[in-house]
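Enquirer: Its first residue numbered 11, the sequence shown is counted upward by one per residue in our numbering. The C-beta atom is built at its ideal place from N, Cα and C for all residues, glycine as well. Structure incoming, see below.
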Amino acid sequence: MNNIETISSKDALGNKIGCVTLTKHFFKKNGIADNRSKDLPFSLSEYKSLPVQYMNQVHGTSVQIIDEYFDEPIENTDALFTRSNKVALAIMSADCLPIAIANSEGTEIALIHAGWRGLSSGIIDKTLKMFDLDKSELKAWVAPCISQKEYEVGNDVYEAFTNDEESVKSFKKLNSKKWLFDLKAQATRTLEKFEVSVSESSYCTYNDEELFYSYRRNKTDKRVLTLLWRKDV
(Lines of atoms letter the chains of each structure in order from A; the text may use other names.)
(Lines give C-alpha, C1' and ligand atoms only; values in the text may rest on other atoms or scores of the structure.)
Protein backbone atom coordinates (compact mmCIF):
# COMPACT_ATOMS: atom_id res chain seq x y z
CA MET A 11 0.00 0.00 0.00
CA ASN A 12 2.34 2.70 -1.25
CA ASN A 13 0.80 6.12 -1.97
CA ILE A 14 1.74 9.72 -1.33
CA GLU A 15 0.76 9.41 2.35
CA THR A 16 2.36 6.09 3.35
CA ILE A 17 5.27 3.96 2.20
CA SER A 18 4.56 0.37 3.21
CA SER A 19 6.88 -2.56 3.84
CA LYS A 20 4.17 -4.62 2.08
CA ASP A 21 4.79 -8.26 3.03
CA ALA A 22 8.53 -7.93 3.62
CA LEU A 23 8.05 -8.75 7.31
CA GLY A 24 5.23 -11.27 6.92
CA ASN A 25 1.46 -10.92 7.07
CA LYS A 26 1.41 -10.71 10.88
CA ILE A 27 3.37 -7.44 10.95
CA GLY A 28 2.41 -3.90 9.98
CA CYS A 29 5.07 -1.37 9.03
CA VAL A 30 4.72 2.00 7.26
CA THR A 31 6.59 5.25 6.81
CA LEU A 32 4.25 8.22 7.04
CA THR A 33 5.24 10.91 4.55
CA LYS A 34 4.92 14.70 4.56
CA HIS A 35 1.54 14.31 2.84
CA PHE A 36 0.12 12.29 5.71
CA PHE A 37 0.88 14.99 8.25
CA LYS A 38 -0.26 17.82 5.97
CA LYS A 39 -3.52 16.09 4.99
CA ASN A 40 -4.42 15.40 8.61
CA GLY A 41 -3.35 18.82 9.87
CA ILE A 42 -0.73 17.43 12.24
CA ALA A 43 1.93 20.00 13.04
CA ASP A 44 3.71 17.90 15.68
CA ASN A 45 4.98 14.65 14.20
CA ARG A 46 5.08 13.18 17.70
CA SER A 47 1.31 13.28 18.02
CA LYS A 48 -0.07 10.56 20.26
CA ASP A 49 -3.33 10.41 18.28
CA LEU A 50 -2.61 9.48 14.67
CA PRO A 51 -5.77 9.30 12.49
CA PHE A 52 -5.16 5.95 10.81
CA SER A 53 -7.53 4.40 8.30
CA LEU A 54 -5.56 1.12 8.31
CA SER A 55 -7.98 -1.51 9.60
CA GLU A 56 -5.25 -3.68 11.12
CA TYR A 57 -3.69 -0.76 13.00
CA LYS A 58 -6.60 -0.17 15.39
CA SER A 59 -5.13 3.05 16.82
CA LEU A 60 -2.44 1.44 18.94
CA PRO A 61 -0.56 3.83 21.23
CA VAL A 62 2.67 5.01 19.60
CA GLN A 63 5.87 4.51 21.58
CA TYR A 64 8.40 7.21 20.74
CA MET A 65 12.00 7.54 21.87
CA ASN A 66 14.46 10.39 22.23
CA GLN A 67 17.00 9.32 19.62
CA VAL A 68 20.65 10.23 20.25
CA HIS A 69 22.63 8.28 17.59
CA GLY A 70 23.74 5.78 20.22
CA THR A 71 23.41 2.02 20.65
CA SER A 72 20.90 1.73 23.49
CA VAL A 73 18.18 -0.89 22.88
CA GLN A 74 15.13 -0.84 25.16
CA ILE A 75 12.68 -3.71 25.69
CA ILE A 76 9.10 -2.44 25.75
CA ASP A 77 6.53 -4.58 27.59
CA GLU A 78 3.90 -1.85 27.81
CA TYR A 79 3.26 1.66 26.52
CA PHE A 80 4.96 4.60 28.23
CA ASP A 81 3.37 8.02 27.88
CA GLU A 82 6.72 9.79 27.51
CA PRO A 83 9.41 9.00 24.89
CA ILE A 84 12.05 6.51 26.02
CA GLU A 85 15.15 8.52 26.90
CA ASN A 86 18.52 8.23 25.12
CA THR A 87 17.52 5.26 22.96
CA ASP A 88 17.88 4.35 19.29
CA ALA A 89 16.17 0.94 19.14
CA LEU A 90 13.02 -0.56 20.61
CA PHE A 91 12.15 -4.26 20.96
CA THR A 92 8.82 -5.76 21.97
CA ARG A 93 6.78 -8.96 22.10
CA SER A 94 3.62 -6.99 22.85
CA ASN A 95 0.76 -6.49 20.37
CA LYS A 96 -0.57 -3.56 22.41
CA VAL A 97 1.88 -0.90 21.23
CA ALA A 98 3.38 0.44 18.00
CA LEU A 99 7.08 1.28 17.86
CA ALA A 100 8.07 4.60 16.26
CA ILE A 101 11.12 6.27 14.71
CA MET A 102 11.47 9.86 13.57
CA SER A 103 13.84 10.42 10.65
CA ALA A 104 14.95 12.96 8.08
CA ASP A 105 17.82 11.09 6.34
CA CYS A 106 18.86 8.45 8.87
CA LEU A 107 17.85 4.84 8.33
CA PRO A 108 14.88 3.18 10.04
CA ILE A 109 15.27 -0.62 10.16
CA ALA A 110 12.28 -2.83 11.02
CA ILE A 111 12.92 -6.43 12.08
CA ALA A 112 10.48 -9.27 12.88
CA ASN A 113 10.71 -12.99 13.48
CA SER A 114 8.88 -15.37 11.15
CA GLU A 115 6.07 -16.01 13.65
CA GLY A 116 5.42 -12.29 14.07
CA THR A 117 5.82 -12.49 17.85
CA GLU A 118 9.03 -10.45 18.23
CA ILE A 119 9.69 -7.09 16.56
CA ALA A 120 12.29 -4.33 16.75
CA LEU A 121 12.71 -0.89 15.21
CA ILE A 122 16.16 0.68 14.86
CA HIS A 123 17.19 4.29 14.19
CA ALA A 124 20.54 3.98 12.39
CA GLY A 125 22.91 6.70 11.29
CA TRP A 126 26.58 6.14 10.61
CA ARG A 127 27.45 6.35 14.31
CA GLY A 128 24.96 3.67 15.27
CA LEU A 129 26.00 1.40 12.42
CA SER A 130 29.71 1.71 13.21
CA SER A 131 29.08 1.10 16.92
CA GLY A 132 27.06 -2.09 16.37
CA ILE A 133 23.45 -1.12 17.06
CA ILE A 134 22.18 -3.78 14.64
CA ASP A 135 24.22 -6.53 16.32
CA LYS A 136 22.99 -5.42 19.74
CA THR A 137 19.35 -5.37 18.66
CA LEU A 138 19.48 -8.81 17.05
CA LYS A 139 20.63 -10.28 20.37
CA MET A 140 17.16 -9.49 21.75
CA PHE A 141 15.56 -12.07 19.46
CA ASP A 142 15.31 -15.80 20.09
CA LEU A 143 17.56 -16.64 17.16
CA ASP A 144 17.36 -20.40 17.74
CA LYS A 145 13.66 -20.70 17.03
CA SER A 146 12.87 -18.70 13.90
CA GLU A 147 14.33 -16.84 11.00
CA LEU A 148 14.33 -13.05 10.97
CA LYS A 149 13.17 -10.63 8.30
CA ALA A 150 14.08 -6.95 7.96
CA TRP A 151 12.77 -3.98 6.02
CA VAL A 152 15.21 -1.16 5.34
CA ALA A 153 12.98 1.92 5.14
CA PRO A 154 13.51 5.19 3.20
CA CYS A 155 16.72 7.09 3.99
CA ILE A 156 19.29 9.21 2.17
CA SER A 157 20.89 7.49 -0.83
CA GLN A 158 24.62 7.01 -1.29
CA LYS A 159 24.95 9.54 -4.10
CA GLU A 160 23.64 12.29 -1.78
CA TYR A 161 25.39 11.27 1.44
CA GLU A 162 28.82 12.89 1.46
CA VAL A 163 30.98 12.20 4.52
CA GLY A 164 34.51 12.90 5.67
CA ASN A 165 37.48 10.75 6.54
CA ASP A 166 36.26 10.46 10.14
CA VAL A 167 33.25 8.46 9.00
CA TYR A 168 35.30 6.31 6.63
CA GLU A 169 37.85 5.56 9.34
CA ALA A 170 35.09 4.53 11.76
CA PHE A 171 34.44 1.52 9.51
CA THR A 172 37.93 0.56 8.33
CA ASN A 173 38.35 -2.14 10.98
CA ASP A 174 35.97 -4.22 8.83
CA GLU A 175 37.16 -4.89 5.29
CA GLU A 176 33.61 -5.63 4.11
CA SER A 177 32.36 -2.24 5.33
CA VAL A 178 34.78 -0.42 3.03
CA LYS A 179 32.57 -1.58 0.14
CA SER A 180 29.90 0.85 1.37
CA PHE A 181 32.08 3.84 0.42
CA LYS A 182 32.91 5.56 -2.87
CA LYS A 183 35.86 7.94 -2.83
CA LEU A 184 35.33 11.49 -4.08
CA ASN A 185 38.73 12.96 -3.19
CA SER A 186 41.35 12.78 -0.45
CA LYS A 187 38.91 14.10 2.15
CA LYS A 188 35.41 13.10 1.02
CA TRP A 189 33.46 9.89 0.47
CA LEU A 190 29.95 8.84 -0.48
CA PHE A 191 28.52 6.44 2.11
CA ASP A 192 25.75 3.90 1.49
CA LEU A 193 23.72 3.51 4.69
CA LYS A 194 21.44 0.86 3.18
CA ALA A 195 24.26 -1.28 1.85
CA GLN A 196 26.07 -1.18 5.19
CA ALA A 197 22.94 -2.11 7.13
CA THR A 198 22.00 -4.87 4.68
CA ARG A 199 25.47 -6.38 4.81
CA THR A 200 25.37 -6.47 8.61
CA LEU A 201 21.88 -7.99 8.71
CA GLU A 202 22.74 -10.66 6.15
CA LYS A 203 25.80 -11.60 8.18
CA PHE A 204 23.30 -12.81 10.78
CA GLU A 205 21.25 -14.58 8.07
CA VAL A 206 18.45 -12.02 8.21
CA SER A 207 16.33 -11.82 5.04
CA VAL A 208 16.40 -8.16 3.92
CA SER A 209 14.07 -6.05 1.74
CA GLU A 210 14.99 -2.46 0.87
CA SER A 211 12.94 0.62 0.06
CA SER A 212 14.14 2.38 -3.10
CA TYR A 213 13.25 5.90 -1.93
CA CYS A 214 15.81 8.62 -1.17
CA THR A 215 14.83 11.16 1.48
CA TYR A 216 17.11 13.78 -0.09
CA ASN A 217 15.86 13.47 -3.69
CA ASP A 218 12.20 12.58 -3.10
CA GLU A 219 11.46 16.04 -1.72
CA GLU A 220 7.70 15.76 -2.26
CA LEU A 221 7.48 12.87 0.20
CA PHE A 222 10.25 13.29 2.78
CA TYR A 223 12.02 15.80 4.97
CA SER A 224 15.81 15.86 4.65
CA TYR A 225 18.21 17.45 7.10
CA ARG A 226 20.98 17.29 4.51
CA ARG A 227 18.84 19.15 2.01
CA ASN A 228 17.73 22.14 4.08
CA LYS A 229 18.58 21.61 7.80
CA THR A 230 14.91 21.06 8.64
CA ASP A 231 13.81 20.17 12.16
CA LYS A 232 10.81 18.25 10.79
CA ARG A 233 10.72 14.45 10.53
CA VAL A 234 8.72 11.69 8.90
CA LEU A 235 7.57 8.76 11.01
CA THR A 236 8.09 5.02 10.60
CA LEU A 237 5.81 2.72 12.60
CA LEU A 238 6.08 -1.01 13.34
CA TRP A 239 3.45 -3.13 15.07
CA ARG A 240 2.10 -6.65 15.50
CA LYS A 241 -1.27 -7.35 13.91
CA ASP A 242 -4.07 -9.31 15.50
CA VAL A 243 -4.31 -12.20 13.04
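Does R240 come out as helix, strand or coil in the three-state DSSP assignment?
Expert: Residue numbering aside, residue 240 sits at position 230 when the sequence shown is read from its first letter. Note: R240 maps to strand in three-state DSSP.
Enquirer: Is the separation between the beta-carbon of N165 and that of K187 shorter than 7 Å?
Expert: Residue 165 sits at position 155 when you count from the first residue of the sequence shown. Residue 187 sits at position 177 when you count from the first residue of the sequence shown. Result yes, Cβ atoms of N165 and K187 sit closer than 7 Å.
Enquirer: Give every residue of the same chain whose Cβ lies closer than 7 Å to the Cβ of T71, excluding the five residues on either side of it in the sequence, and list them in chain order.
Expert: Within the sequence shown, residue 71 is the residue found at index 61, counting from 1. Correct list, in chain order: D88, G128, S131, G132, I133, K136.
Enquirer: Helix or strand or just coil, what does DSSP make of K188?
Expert: Taking the first residue of the sequence shown as 1, we reach residue 188 at position 178. Note: K188 maps to strand in three-state DSSP.
Enquirer: Does K149 pass the burial test, meaning 16 or more other C-beta atoms within 10 Å, or should it be called exposed?
Expert: Start at 1 with the first residue of the sequence shown, and residue 149 comes out as number 139. Answer is buried; the Cβ neighbour count reaches 16.
Enquirer: Based on the DSSP secondary-structure assignment, which residues constitute the bridge partners of K26?
Expert: The residue you call residue 26 lines up with position 16 of the sequence shown. The partner list for K26 (beta bridge, DSSP) is empty, contrary to what the question assumes.
Enquirer: Determine, using beta carbons only, whether R199 and E176 come nearer to each other than 7 Å.
Expert: On the sequence shown, residue 199 is found 189 positions in, with the first residue counted as 1. On the sequence shown, residue 176 is found 166 positions in, with the first residue counted as 1. Contact flag set, yes.
Enquirer: Are the beta-carbon atoms of R227 and N45 separated by less than 7 Å?
Expert: Reading the sequence shown from its first residue, position 217 is the one you call residue 227. Reading the sequence shown from its first residue, position 35 is the one you call residue 45. It is not a contact, given that the beta carbons lie outside the stated cut-off.
Enquirer: For the beta strand (DSSP E) that Q74 lies in, which residues bound it at each end?
Expert: Reading the sequence shown from its first residue, position 64 is the one you call residue 74. Its beta strand (DSSP E) spans residues 73-75.
Enquirer: Enumerate, from N- to C-terminal direction, the unbroken alpha helix (DSSP H) stretches of 4 or more residues contained entirely within the segment 153-221.
Expert: You should have 165-170, 193-203.
Enquirer: Determine the burial state of D144: buried for a count of at least 16 other Cβ atoms within 10 Å of its Cβ, exposed for fewer.
Expert: Start at 1 with the first residue of the sequence shown, and residue 144 comes out as number 134. Counting Cβ neighbours within 10 Å, D144 comes out exposed, since fewer than 16 surround it.
Enquirer: Determine the direct distance from the alpha carbon of T31 to that of D242, and round the result to whole angstroms.
Expert: Stepping through the sequence shown from its first residue, residue 242 is reached at position 232. Stepping through the sequence shown from its first residue, residue 31 is reached at position 21. C-alpha separation (whole angstroms): 20 Å.
Enquirer: For A153, which residues in the same chain have their Cβ closer than 6 Å to its Cβ, ignoring the five residues on either side in sequence?
Expert: Indexing the sequence shown from 1 puts residue 153 at position 143. Once the five neighbours on either side are set aside, the close Cβ partners of A153 are T31, P108, S211, T236.
Enquirer: Here's the rule I'm using: 16 or more other beta-carbon atoms within 10 Å means buried, otherwise exposed. How should N66 be labelled?
Expert: Sequence index remark: in the sequence shown, residue 66 carries index 56 (1-based). The residue in question, N66, is exposed, as its Cβ has fewer than 16 Cβ neighbours within 10 Å.
Enquirer: Taking 7 Å as the threshold (C-beta atoms), are S94 and S146 in contact?
Expert: Taking the first residue of the sequence shown as 1, we reach residue 146 at position 136. Taking the first residue of the sequence shown as 1, we reach residue 94 at position 84. Against a cut-off of 7 Å, the Cβ pair of S94 and S146 comes out as no contact.
Enquirer: For S207 and D21, what's the separation of their Cα atoms in angstroms?
Expert: Here residue 207 corresponds to residue number 197 of the sequence shown, with the count starting at 1. Here residue 21 corresponds to residue number 11 of the sequence shown, with the count starting at 1. If you take the alpha carbons of S207 and D21, they lie about 12 Å apart.
Enquirer: Which residues bound the alpha helix (DSSP H) around F91?
Expert: Here residue 91 refers to the residue found at position 81 of the sequence shown. From DSSP, F91 is part of no alpha helix (DSSP H) but of the beta strand (DSSP E) over 89-92.
Enquirer: Measure from the alpha carbon of A104 to the alpha carbon of each residue in W239, R240, S209, F222, then state which is nearest.
Expert: Taking the sequence shown and counting its residues from 1, the one referred to as residue 104 is at position 94. Checking every option, the nearest Cα to that of A104 belongs to F222.
Enquirer: How should M11 be labelled, buried or exposed, when 16 other C-beta atoms within 10 angstroms of its C-beta is the threshold for buried?
Expert: Along the sequence shown, one-based indexing puts residue 11 at 1. Reliability fails at M11, whose pLDDT of 43 lies under 50, so the model's placement of it is uncertain and the value that follows must be treated cautiously. It counts as exposed.
Enquirer: Measuring alpha carbon to alpha carbon, tell me which residue in C155, H35, Q196, N25 is nearest I14.
Expert: Position 4 of the sequence shown, counting from 1, holds the residue named residue 14. Of the candidates C155, H35, Q196, N25, the one whose C-alpha sits nearest the C-alpha of I14 is H35.
Enquirer: Can you tell me where the alpha helix (DSSP H) with L129 in it begins and where it stops?
Expert: Working through the sequence shown from its first residue, we reach residue 129 at position 119. Its alpha helix (DSSP H) spans residues 126-131.
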